[in-house]
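Residue numbers (our numbering): -11 to 573. For every residue, glycine included, the Cβ atom is placed at its ideal position computed from N, Cα and C. Written below as structure tokens is the structure these notes are about.
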Amino acid sequence: MSRAARGVRTNSRWWPLAFAAAAAAVVAMLMAGRSLAPANADTAADSAPVASGIAAVAPTIPAKLQCASLVQSGTPADLTRPNFEEIKGAPTRITSAAVVPATATQPEYCDLRGYIQSQIKFQLKLPTTTWQGRYLQMGCGGFCGSISPTMFPACPTELGGDFAIAATNDGHDASGTDALWAGQDEQQRIDFGYRAVHVLSIAAKAIQAAYYGQAPTRSYFVGCSDGGREGLIEAQRFPDDFDGIVAGAPANGMSTDPMFLAWGVKTNSDANGNPILTESKLAPLHAAVVKACDANDSVVGDGLIGDPRDCRFDPATIRCAGADAADCLTAAQVNVVRTLYKGIFDSRGRRLDLRNAPKGSELNWLGWWVPRATATTGIRSTIAWSFGQSAARWLSYPIGRGRPLEAVQFTKRDFFEQVQSARYYEGMDPDLKAFRRRGGKLILYQGQADPLVPPVQILEYYNAMRDEMGGQRRTDQFARLFLVNGMGHCGGGLTPNTSDLTLQIVRWVEEGQAPDSITATQSDGPNGPRARPVFSYPRVAKYVGPDPATDPTGPDKPENFVAAPSPFAHDDNVVWLGDFLLDQD
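As structure tokens, this is what we get:
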């Protein structure tokens, strides 16, 4: 189909669950003060509403082997122990195994560490007595490089026991913003791009089969950012690995990250390399956006603007009339904001990349596009620069042809040089027929105020996938997309942004309970506790409750919203140089 034809024991939260190893990448990326927690961190209420019904409760399955017996030295061969070196396609060595006692927040488990050929390190937690036959694999964040801390999902009561749970470093040891490992090694690129997650699923299932005397009955994957990209690649390349996948803010576009990140850094730099738009201007800018578009989500006065595509705000409306002041933008700053909203084009007007900064995301630019000022060092470099420099030099260009970020050109030639690495990194194949045919289920989610992985990316992919898969009804049978108003990258924002998608995906796979809506909750912030329904795309939440002027708590109650079609028309056929990545004819 051508593009032209397209007209834990935690809260198991949808966003952080995937990716605490974004710690280097995402904690730095999203800066101090943001509400995004490391993977599986307990930062929200434990009582988020979930769909009705109960997934099948399987009897718990105790271990058949001693935990320590799984360790392998390599030589000499010990015939009394399982030999994981013989796992087809995923030769594995377990280097340590120890029983971790139960606590108030987790069961007793066998903590395994090891690696898969060549250097794909992993951790696998195996409940010793409370396993119920389910396996959960977690995604990574940034450029990975470490094993994300994992905790057991908080749903053993509903499910009858605990998951086995695993994560990997994607084949290299480094900080989440460091891609030096990819500079001269194609196998490292392959492992990071798609192989590591796949071979861990193979090895982890084989280890569970040995430890418990049976393989897992159901397998799940949850990831956000790079982990969301990994989830899509699993559904596309390896449809038999997982029965259910939760993919948040999939970070497709890694092959062209040098162009995207160089564009943002250059847009907000003057001739001397100093920032044009500064930290102090973000709050008044965001306030002006909310004032202009607050009613777009059907609730006036809630501080949320709904779909950024429906916001017609022009930053020129707050241009300084005279001298620069705290509550206005200079002419140069207006130009920066307009450019960030618009996206990347070459000198002939051709769109080079899908990504832009969505309206409503302005507070999330701090530390990403806009440097954070510090008391001791003046202006700190942006995380976009750190990611971009590493991607341009080592990750995205063909091996041996990397360059400094400042040497990236906004040209068609440079785009096609970078995009050659799409074969490693991009999860953009819209054909999920094999995944659907074997009964797989896919939950996608995305923050509408995410400037790192903007919503335009997931919308472009979802619409291509929906067309490829036969339309909305047939797509709804196996895939649902949830767009969260006001949410940043994998979480954060003064908005209801917490839910339990691990339990939702289990119920969909095992009980056939497709999630028509997700109840998102917020336990803190200036608006206090509140909850909102997030309906599966393309439907939106329409407020039908009491007038907020007379009952300010009305918009905080999910029962005061109904599903409705968007009142705005959207042209989702974005034309850009990478259209061919979504063509699978």
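Among the options, the one whose alpha carbon lies nearest that of residue i
{"i": "L432", "options": "P70, K113 and F523", "result": "F523"}
{"i": "A467", "options": "P442, V497 and A167", "result": "V497"}
{"i": "F556", "options": "P296, R425 and A508", "result": "P296"}
{"i": "T68", "options": "I82, L53, R81 and G77", "result": "L53"}
{"i": "G348", "options": "Y329, A191, A361 and D334", "result": "Y329"}
{"i": "N323", "options": "R307, A203 and I221", "result": "R307"}
{"i": "P392", "options": "R461, A192 and L249", "result": "L249"}
{"i": "T91", "options": "Y450, M139 and L58", "result": "M139"}
{"i": "D229", "options": "G219, A235 and G236", "result": "G219"}
{"i": "C478", "options": "S134, G215, A361 and K193", "result": "G215"}
{"i": "D544", "options": "Y525, S511 and V562", "result": "S511"}
{"i": "G232", "options": "V187, G289, R520 and I493", "result": "I493"}
{"i": "L471", "options": "R461, E499, R426 and A437", "result": "A437"}
{"i": "D559", "options": "Q196, L447 and A283", "result": "L447"}
{"i": "I506", "options": "L491, H186, S487 and F398", "result": "S487"}
DSSP state of residue i mapped onto helix, strand, coil
{"i": "T393", "result": "The displayed chain sequence assigns Leu, not Thr, to residue 393. It is helical."}
{"i": "C299", "result": "coil"}
{"i": "G236", "result": "strand"}
{"i": "P79", "result": "coil"}
{"i": "C212", "result": "strand"}
{"i": "W574", "result": "The question about residue 574 has no answer, for the chain in this structure spans -11 to 573."}
{"i": "I446", "result": "helix"}
{"i": "Q224", "result": "helix"}
{"i": "Y123", "result": "strand"}
{"i": "T370", "result": "coil"}
{"i": "R454", "result": "helix"}
{"i": "I582", "result": "This structure cannot settle anything about residue 582, because the visible part of the chain is limited to -11 through 573."}
{"i": "K429", "result": "strand"}
{"i": "S61", "result": "coil"}
{"i": "S257", "result": "strand"}
{"i": "P70", "result": "coil"}
{"i": "L440", "result": "coil"}
{"i": "S601", "result": "Past the boundaries of the shown model lies residue 601; the chain is included only from -11 to 573, so the question cannot be answered."}
{"i": "T409", "result": "Looking at the sequence shown, residue 409 is not Thr but Ser. Helix."}
{"i": "S207", "result": "strand"}
{"i": "P272", "result": "helix"}
Opposing strand residues paired with residue i [DSSP bridges]
{"i": "K113", "result": "D99 and I153"}
{"i": "F568", "result": "Per DSSP, none; premise fails for F568."}
{"i": "P553", "result": "R527"}
{"i": "A51", "result": "Its beta-bridge partners do not exist; DSSP assigns none."}
{"i": "A86", "result": "D99"}
{"i": "D559", "result": "DSSP lists no partner for D559."}
{"i": "P521", "result": "T507"}
{"i": "D341", "result": "I332"}
{"i": "G289", "result": "Paired residues: none, contrary to the question."}
{"i": "R183", "result": "DSSP, once it has assigned bridges, lists no residue as partnering R183."}
{"i": "M470", "result": "Note that residue 470 is Phe in the sequence shown, not Met. Paired residue(s): Y433."}
{"i": "P263", "result": "S257"}
{"i": "L317", "result": "R307"}
Contacts around residue i, its chain only, beta-carbon distance under 7 Å, and the 5 residues preceding and following it disregarded
{"i": "L569", "result": "A410, E414 and M416"}
{"i": "Y97", "result": "V88, K113, L114, P115 and T116"}
{"i": "E350", "result": "L270, L273, H274 and V277"}
{"i": "A552", "result": "R527, V528 and K530"}
{"i": "N548", "result": "Y531, V532, G533 and G542"}
{"i": "W353", "result": "L270, A345 and P439"}
{"i": "A198", "result": "L53 and P70"}
{"i": "G331", "result": "R339, D341, R343 and N344"}
{"i": "R426", "result": "P227 and D228"}
{"i": "S369", "result": "P359"}
{"i": "E174", "result": "I387"}
Sequence-distant residues of the same chain with beta carbon closer than 8 Å to residue i, five excluded per side
{"i": "T305", "result": "A276 and A280"}
{"i": "D315", "result": "P272 and I306"}
{"i": "K577", "result": "It is not possible to answer for residue 577, since the shown part of the chain is limited to -11 through 573."}
{"i": "I82", "result": "L58, V59, Q60, F72, L100, R101, G102 and I195"}
Neighbourhood of residue i by C-beta distance below 6 Å, restricted to the same chain and skipping five residues each side
{"i": "R217", "result": "P238, A239, N240 and G415"}
{"i": "A191", "result": "I75, A78, T80 and I104"}
{"i": "T118", "result": "T48, P95, G149 and D150"}
{"i": "Q377", "result": "L393"}
{"i": "D158", "result": "C128, C132, F180 and A184"}
{"i": "D285", "result": "L292, G294 and N473"}
{"i": "R177", "result": "A170 and Y412"}
{"i": "R424", "result": "F466"}
Margin query: So, does the segment 207 to 225 touch the segment 395 to 411, judging by three or more C-beta pairs under 8 Å?
Written below: no
Next item on the list: Answer yes if the segment 122 to 129 comes into contact with the segment 139 to 153, meaning at least three C-beta pairs across the two stretches below 8 Å, and no otherwise.
Entry: yes
Next item on the list: Mind the definition here: the segment 134 to 149 touches the segment 170 to 179 only if three or more C-beta pairs lie below 8 Å; say whether that holds.
Entry: With the cut-off at 8 Å, the segment 134 to 149 and the segment 170 to 179 do not touch.
Checklist line | the segment 442 to 458 touching the segment 242 to 260, judged by at least three CB pairs closer than 8 Å | finding: no
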